[in-house]
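Be aware that the sequence shown starts at 1, since it is given in UniProt numbering, and climbs by one per residue.
Single-structure report; data block below.
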Amino acid sequence: MDKATTLPDVLKKQLQLFLEKKLAYNEAKKTVEQKEYDIQLIKQRKTELIESTQKHDETWRKLFHENNGVMTDEMKQLRTDSALSKETITEFDKLISVHQDELQPLESQLGLCARALIHQQGNLINAYSRYLFDKFMLTHGKELNSLMKLCYLSFKVNESSNAGNSGVYEGINDAKVNFNNFIQDKLISYWHSDISQSEMNFLSKEINFSVGSEVYFDKNLKSNLWEQRKKQHSNK
Numbered sequence: 001m002d003k004a005t006t007l008p009d010v011l012k013k014q015l016q017l018f019l020e021k022k023l024a025y026n027e028a029k030k031t032v033e034q035k036e037y038d039i040q041l042i043k044q045r046k047t048e049l050i051e052s053t054q055k056h057d058e059t060w061r062k063l064f065h066e067n068n069g070v071m072t073d074e075m076k077q078l079r080t081d082s083a084l085s086k087e088t089i090t091e092f093d094k095l096i097s098v099h100q101d102e103l104q105p106l107e108s109q110l111g112l113c114a115r116a117l118i119h120q121q122g123n124l125i126n127a128y129s130r131y132l133f134d135k136f137m138l139t140h141g142k143e144l145n146s147l148m149k150l151c152y153l154s155f156k157v158n159e160s161s162n163a164g165n166s167g168v169y170e171g172i173n174d175a176k177v178n179f180n181n182f183i184q185d186k187l188i189s190y191w192h193s194d195i196s197q198s199e200m201n202f203l204s205k206e207i208n209f210s211v212g213s214e215v216y217f218d219k220n221l222k223s224n225l226w227e228q229r230k231k232q233h234s235n236k
């Protein structure tokens with residue numbers, strides 16, 4: 001049986017929303033990465049064309065001097081190819097501009113999806129932590145309550161033994177205040193602000209609320225897909 005089916009409805013709803021936001025974020029990120037990859041690919045093709053055009057021009061000049069200005073069929077073809085290439089380079093610039101314009105709204109959408117995912121992750125962790133706490137109390141609540149009553153009794157007895165003592169003030173250092181301080185100090189002594197990965201893995205056995213190492217979109221990482229594919233190609 002799917003573990004999610006054993007969760008309360010409120011928590012299942014938060015989990016479903018999280019999975020939907022995560023899917024939307026991953027799809028938006030994939031779209032941005034693909035668009036950036038397309039732009040890089042077009043730029044590479046433009047660079048290759050510029051290099052080949054420069055070689056054609058150098059070859060043409062060499063032949064022009066060697067032939068004393070006589071235009072051979074080969075030279076005419078080189079000139080035609082060079083002119084066509086230079087016109088194509090201009091079209092490459094236009095094409096790159098179009099793709100870059102298309103990229104901007106995709107990046108904006110990715111940012112919205114990232115913020116929505118982070119927000120829903122917080123909602124899910126909030127709901128899940130309360131679910132785990134309630135489960136803990138169902139199992140250990142009675143024992144914990146009895147222990148807390150005993151601790152409170154010790155402060156109450158101490159307060160009673162000091163009845164009439166001017167050193168005890170209600171709301172300042174009476175049994176209830178001392179008990180609350182005791183419980184708080186005990187809990188804080190076991191608590192640390194940072195949660196370890198092993199603790200996270202243990203607590204998230206029923207729900208995977210991770211979003212990966214990059215929850216947000218970093219413009220400096222836009223070319224990741226391009227770099228990855230270049231490496232894959234070079235390794236073949």
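Where a beta carbon is used, it is the ideal one built from N, C-alpha and C, also for glycine.
Rounded to the nearest angstrom, what separates residue i and residue j at their Cα positions?
i: residue 10; j: residue 206; result: 15 Å
i: residue 84; j: residue 22; result: 47 Å
i: residue 28; j: residue 14; result: 21 Å
i: residue 133; j: residue 26; result: 31 Å
i: residue 189; j: residue 179; result: 15 Å
i: residue 12; j: residue 199; result: 22 Å
i: residue 131; j: residue 39; result: 47 Å
i: residue 201; j: residue 41; result: 40 Å
i: residue 89; j: residue 124; result: 51 Å
i: residue 147; j: residue 108; result: 54 Å
i: residue 177; j: residue 197; result: 36 Å
i: residue 222; j: residue 51; result: Note that residue 222 scores 47 on pLDDT, short of 50, meaning its location in the model is unreliable; the coordinates nonetheless yield the value given after this. Distance between the alpha carbons of residue 222 and residue 51: 26 Å.
i: residue 141; j: residue 135; result: 9 Å
i: residue 30; j: residue 16; result: 21 Å
i: residue 67; j: residue 106; result: 55 Å
i: residue 62; j: residue 81; result: 16 Å
i: residue 173; j: residue 7; result: 43 Å
Return helix, strand or coil for residue i, following the three-state DSSP convention.
i: residue 69; result: coil
i: residue 170; result: coil
i: residue 7; result: coil
i: residue 208; result: coil
i: residue 196; result: coil
i: residue 60; result: helix
In or out: residue i buried (at least 16 other Cβ within 10 Å) or exposed?
i: residue 75; result: buried
i: residue 220; result: Annotation note: pLDDT 49 at residue 220 (below 50); position unreliable, coordinate value reported separately. Exposed is the call here.
i: residue 86; result: exposed
i: residue 77; result: exposed
i: residue 209; result: buried
i: residue 100; result: exposed
i: residue 35; result: buried
i: residue 32; result: buried
i: residue 159; result: buried
i: residue 251; result: The chain is shown only over 1 to 236; residue 251 falls outside these bounds and no answer can be derived.
i: residue 120; result: buried
i: residue 128; result: buried
i: residue 144; result: exposed
i: residue 117; result: buried
i: residue 37; result: buried
Nearer than 7 Å: is that true of the beta carbon of residue i relative to any heavy atom of the ligand NAD?
i: residue 139; result: The model on display carries no ligand, and the ligand NAD is accordingly not part of it.
Evaluate contact between the stretch 55-72 and the stretch 146-157, counting only Cβ atoms and requiring at least three cross-stretch pairs below 8 Å. no
Does the stretch 21-39 come close enough to the stretch 108-128 to have 3 or more Cβ pairs within less than 8 Å? yes
Between the stretch 30-46 and the stretch 92-104, are three or more C-beta pairs nearer than 8 Å? yes
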